[in-house]
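A.B. asks: Dropping the structure in here first, questions after.
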Amino acid sequence: GGASSGGASAGAATVGQGGAPAGNGGANGSANGGVVGGGGVAVGAGGAAQGGGGVARGGTNAAGQTSAGMTSVAGSAGMASANGGRSATGGAGGATNGGTASGGTASNPDAVSAISACLDTMPYGKPSGDTRTKVIDAIIKSCEKFGPPASTPNWKPEYCWYHMVGAILKESSFNPTSVVNSPATDPTVGLTQIRFSSTVHDYYSSGPTAAMTYIGCTFPDFSSVNWSTGGPSNLSFMEDIACNVGLGAWYYYYNATGNGGTSPTYIAQYCQGKGQAGTLTVGLLSHLNGPSGSHNTDSNSTSYVDAIKTQFTKCMGGTLPSPDPFTVPLSPNPTQYCK
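For the sequence shown, the tail end lands on 341 under the working numbering, and the numbers increase by one without skipping.
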């Protein structure tokens, strides 16, 4: 099932509708491991409460950390720097002037500049210092691994970058530690508001481990965890910027490329080759409402897509490309999204 979303951005309250009744908080049920739970009520700072078993959240602006980070040639665990690397394992993931090994700083200067400029167009929530460096790095690597291939007709790599900026702004106002207790045993967490019983579970069971390692995220051993109640004890993992952005991007795009049919396609089915081509809008609504709500056209679904598209358009210089990137057909690619 999908990560819950919808909700209130700082300074702009939006009522969230949530998703299918089968999900925790109404939005995260899945034939592939979502756990049935009651819909919880949560209020985002600066936002409004949700109804109908869904989730509404806003989030305060993330001021970020103003420290420039620790300079390192080889990279060190959890540290990011302009010239060194950030390695989840504390190894030599980073290299002088950036590297592309596991956990290393992204080495695409054009992408760094473009995403940085995109962040500066946001009306609030602009990350700074070490947080900004990590966010940019995570977006670049997540889009490398989970964005549609550059060969996709009418698709460009920067569409993924700018979509992720808009999605994070809408989901958390760029507050990495945002937690919405809906319910408290299985909250939505972090920059993209992922849920333990759905997004984390689905990736752990079906997602490509090497891709997440490349982004800079190391999964703990969840072989004996209680998926319905393990969220609070794994907040630090879900709040980790590399893990959260990577998981969010994977969830958006596996649904965008495979949940376009009239009946929902969950990750187990997708990995069996049963995905049906969709669009980025389908991916957004799957994250908002769960896969079963991927074609929901109620007012909350519309406002969620519109908010992300508005920021996306700012990042594109004020004009939405034609054809609309949110309606470009995206084909299933199990080898990209599955073990």
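Heads up, the beta-carbon is just placed ideally off N, CA and C, and yes, glycines get one too.
So for Q195, helix, strand or coil by DSSP?
C.D. replies: Looking at Q195 - three-state DSSP - the assignment turns out to be coil, as it is neither helix nor strand.
A.B. asks: Are the Cβ atoms of L237 and I196 separated by less than 9 angstroms?
C.D. replies: Taking 9 angstroms as the Cβ cut-off, L237 and I196 do not qualify as a contacting pair.
A.B. asks: Touch check for the segment 217-229 and the segment 165-172: three-plus C-beta pairs under 8 angstroms?
C.D. replies: With the cut-off at 8 angstroms, the segment 217-229 and the segment 165-172 do not touch.
A.B. asks: Less than 9 angstroms between the beta carbons of G149 and A251, yes or no?
C.D. replies: Their beta carbons are under 9 angstroms apart, which means G149 touches A251 by this criterion.
A.B. asks: If T283 sits next to T329, beta carbons under 8 angstroms apart, how far is it from one beta carbon to the other, in whole angstroms?
C.D. replies: Correct: roughly 6 angstroms between the Cβ atoms.
A.B. asks: Mark Q271 as exposed unless 16 or more other C-beta atoms lie within 10 angstroms of its C-beta, in which case mark it buried.
C.D. replies: Classification for Q271: buried.
A.B. asks: May I have the straight-line CA-CA distance separating P344 from G127, to the nearest angstrom?
C.D. replies: The displayed coordinates of the chain run from 3 to 341. Any statement about residue 344 would go beyond what the structure contains.
A.B. asks: When burial is assigned at 16 or more other CB atoms within 10 Å of the CB, is S78 buried or exposed?
C.D. replies: Note that S78 has pLDDT 29, beneath the 50 cutoff, so the model's placement of it is unreliable and the number below is only indicative. With 16 or more Cβ atoms within 10 Å of its Cβ, S78 is classed as buried.
A.B. asks: From which residue to which residue does the alpha helix (DSSP H) around F224 run?
C.D. replies: Premise fails: F224 is in no alpha helix (DSSP H) and is neither H nor E.
A.B. asks: Roughly how many whole angstroms lie between the Cα atoms of M214 and I243?
C.D. replies: Cα to Cα, the separation comes out at about 12 angstroms.
A.B. asks: Rounding to the nearest angstrom, what Cα-Cα distance links G41 and N110 in this structure?
C.D. replies: Low confidence applies here, because G41 scores a pLDDT of 33, under 50, leaving its location unreliable; read the following figure in that light. Approximately 42 angstroms between the Cα atoms of the pair.
A.B. asks: Check this for me: beta carbons of A116 and E160, under 9 angstroms apart or not?
C.D. replies: Contact: yes.
A.B. asks: Specify, as a first and last residue, the run of the alpha helix (DSSP H) that K316 falls within.
C.D. replies: Residues S301 to C317.
A.B. asks: Check each candidate in S207, F239, T135 and P336 and name the one with the smallest Cα separation from G277.
C.D. replies: Nearest option by C-alpha distance: P336.
A.B. asks: Secondary structure at V284, three-state DSSP: helix, strand or coil?
C.D. replies: DSSP places V284 in helix when its eight states are reduced to three.
A.B. asks: In whole angstroms, what is the alpha-carbon distance linking V227 and T281?
C.D. replies: If I take the Cα positions, the gap works out to 33 angstroms.
A.B. asks: With K136 as the anchor, note down where its alpha helix (DSSP H) starts and where it stops.
C.D. replies: Taken as a continuous stretch (DSSP letters only), the alpha helix (DSSP H) holding K136 covers G131 to F148.
A.B. asks: From N177 to S294, what does the alpha carbon distance come to, in whole angstroms?
C.D. replies: Computed Cα separation, rounded: 28 angstroms.
A.B. asks: Can you have a look at L322 and say buried or exposed, based on whether 16 or more other CB atoms are within 10 angstroms of its CB?
C.D. replies: L322 comes out exposed.
A.B. asks: How far does the alpha helix (DSSP H) with K172 in it extend, from its first residue to its last?
C.D. replies: Unbroken alpha helix (DSSP H) run through K172: P159 to S174.
A.B. asks: So T211 is in the alpha helix (DSSP H); what residue range does that whole segment cover?
C.D. replies: Segment T211 to I217, the alpha helix (DSSP H) holding T211.
A.B. asks: Since I believe G285 is in contact with Y254 (beta carbons under 8 angstroms), could you give me their beta-carbon distance rounded to a whole number of angstroms?
C.D. replies: Between G285 and Y254 the Cβ distance is about 4 angstroms, and since that is below 8 angstroms, they are a contact.
A.B. asks: Is DSSP giving N236 helix, strand or coil here?
C.D. replies: Looking at N236 - three-state DSSP - the assignment turns out to be helix.
A.B. asks: Can you give the Cα-Cα distance for P189 and M240, rounded to whole angstroms?
C.D. replies: Those two C-alpha atoms are separated by around 10 angstroms.
A.B. asks: Rounded to the nearest angstrom, what separates A113 and I141 at their Cα positions?
C.D. replies: Those two C-alpha atoms are separated by around 9 angstroms.
A.B. asks: Does the separation of the CB atoms of V137 and P129 fall below 9 angstroms?
C.D. replies: Contact flag set, yes.
A.B. asks: What does DSSP give as the partner residue(s) for N261 in the beta ladder?
C.D. replies: Looking at the DSSP assignment, N261 forms a beta bridge with Q278.
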